[in-house]
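Just remember that this note's numbering sits 1343 ahead of the position in the sequence shown, which is counted from 1. To keep things clear, I will list the structure first and then write my remarks on it.
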Amino acid sequence: MIPSLGLVVKYGADTTVTEAQTQIMICKHLKGQVPVPEVFGWTEDGGQVFIYMSLIEGETLQERWGDMNENERRFVCEELKCMVKAWRSLEQDRHDHYVGSLGRQPLNEIFLLSHPNITGPFQGANAVQQFQDACGIKINGEAPIVFTHDDLVPPNILLSSGPNPRVAAIIDWGQAG
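What follows is the structure, encoded as structure tokens:
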């Protein structure tokens, strides 16, 4: 973090270009419905990806939850409900199915990383069936393939400081797809 510049540099073995591209896509397609840090750019060096993005001031939902009253909690939950609904509205073209990360990249799901044969991407009219077969699970094949964050947990939800907290940003889009 470089607070004087309003900048965060995210890097590490699990940081990917796809994460930066996902945040850019969210900003473009959901136009403020889901607050995310603005991505200024990224670079790769020494096998690591560095994402340069805006610093969002606030505290995580995990840090604030215990001090919030019932009305504040309810309001934040309603905000989150609207945000999830917004990104789940990002359905794929009905004739171009795939299960994976943005840009037809493999899923970057931490629970699947030790099983590269099930990270996909799975493509074609039977993409959901391919994913089910690889994972050994059953999913309603009639449901549309929609976008999801896949790591929406309290540490990845930033709230504004002060009274009446609001969702300031959703962060850590590395597992989204």
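Note that CB positions come from ideal geometry on N, CA and C, so glycine has one too.
| Query | Result |
| --- | --- |
| Using a Cβ distance threshold of 8 Å, determine whether the stretch 1387-1405 contacts the stretch 1425-1435, with at least three qualifying pairs required. | no |
| Suppose contacts are defined by Cβ-Cβ distances below 8 Å. Is residue 1379 in contact with residue 1358 by that definition? | no |
| Is there contact between the stretch 1506-1519 and the stretch 1417-1434, where contact requires at least three CB pairs shorter than 8 Å? | yes |
| Report the rounded CA-to-CA distance for residue 1495 versus residue 1422, giving the unit in angstroms. | 13 Å |
| If you draw a straight line from the C-alpha of residue 1492 to the C-alpha of residue 1354, how long is it? | 19 Å |
| Taking 8 Å as the threshold (C-beta atoms), are residue 1363 and residue 1385 in contact? | yes |
| Tell me, please, which residues DSSP counts as bridged to residue 1504. | Partner(s): none; residue 1504 has no beta bridge. |
| Quick one: what's got a C-beta closer than 6 Å to residue 1499's C-beta in the same chain, skipping five residues either side? | 1514 and 1515 |
| Check residue 1415 in the structure and name its three-state DSSP category. | helix |
| Using only the alpha-carbon positions, how far apart do residue 1511 and residue 1398 sit? | 11 Å |
| Taking the C-alpha atoms as reference points, what is the distance between residue 1412 and residue 1497? | 16 Å |
| On a Cα-Cα basis, can you pick out the residue from 1489, 1503, 1424 and 1394 that is closest to residue 1344? | 1394 |
| If you measure between the beta carbons of residue 1377 and residue 1426, is that distance less than 8 Å? | yes |
| Along the chain, where does the beta strand (DSSP E) that runs through residue 1391 open and close? | 1391-1397 |
| Restricting to Cα atoms, I'd like to know which of 1360, 1520 and 1428 is closest to residue 1388. | 1360 |
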